[in-house]
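Participant:
Numbering (the working numbering), first residue to last: 151 to 257.
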């Protein structure tokens, strides 16, 4: 992004920074500083590691899913069971309504 470019041709305030969405929530307060990633691109990697996340969102999501695959599978399985039960009950109610209609529509 040109806003965060470190070249001297960039006179912007965000030069050599990263977006605040990359910042780790280090403080105990709920307020997030939008300038927490300021001058991170000028730091060494080990210094920047304490302030910002080093991976992007897709890689972080993939890592989270790999670490919690059994929980994710359990949630998916539970959802399938609940939906199958709801489908079973719905079909039973529809069949009951059809039977009642046939009973009352007899001449």
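Cβ coordinates follow ideal geometry from the N, Cα and C atoms, glycine included.
Nearest CA to the CA of residue 172: which residue from 221, 210, 239, 194?
Facilitator: Taking only the C-alpha atoms, the option nearest residue 172 is 210.
Participant: By the 10 Å Cβ neighbour count, where 16 or more other Cβ atoms means buried, how is residue 168 classified, buried or exposed?
Facilitator: Buried, since its Cβ has 16 or more Cβ neighbours within 10 Å.
Participant: Can you give me the Cβ contacts of residue 162 inside the same chain, cut-off strictly under 7 Å, excluding the 5 residues immediately before and after it?
Facilitator: Cβ neighbours of residue 162 beyond the five flanking positions: 153.
Participant: For residue 195, count neighbouring Cβ atoms within 10 angstroms of its own Cβ and tell me buried if that reaches 16, exposed if not.
Facilitator: By the neighbour-count rule (16 or more Cβ atoms within 10 Å), residue 195 is not buried but exposed.
Participant: Could you tell me which of 239, 204, 189 sits nearest to residue 155, measuring between CA atoms?
Facilitator: It is 189.
Participant: What did DSSP end up calling residue 173 once you bin it into helix, strand or coil?
Facilitator: Three-state DSSP puts residue 173 in a strand.
Participant: Which stretch, first to last residue, makes up the alpha helix (DSSP H) that contains residue 217?
Facilitator: Here the alpha helix (DSSP H) through residue 217 covers 207-217.
Participant: Take residue 215 and list the residues in its own chain whose beta-carbon comes closer than 7 Å to its own, dropping the five residues that flank it on each side.
Facilitator: Only 222 meet the Cβ criterion.
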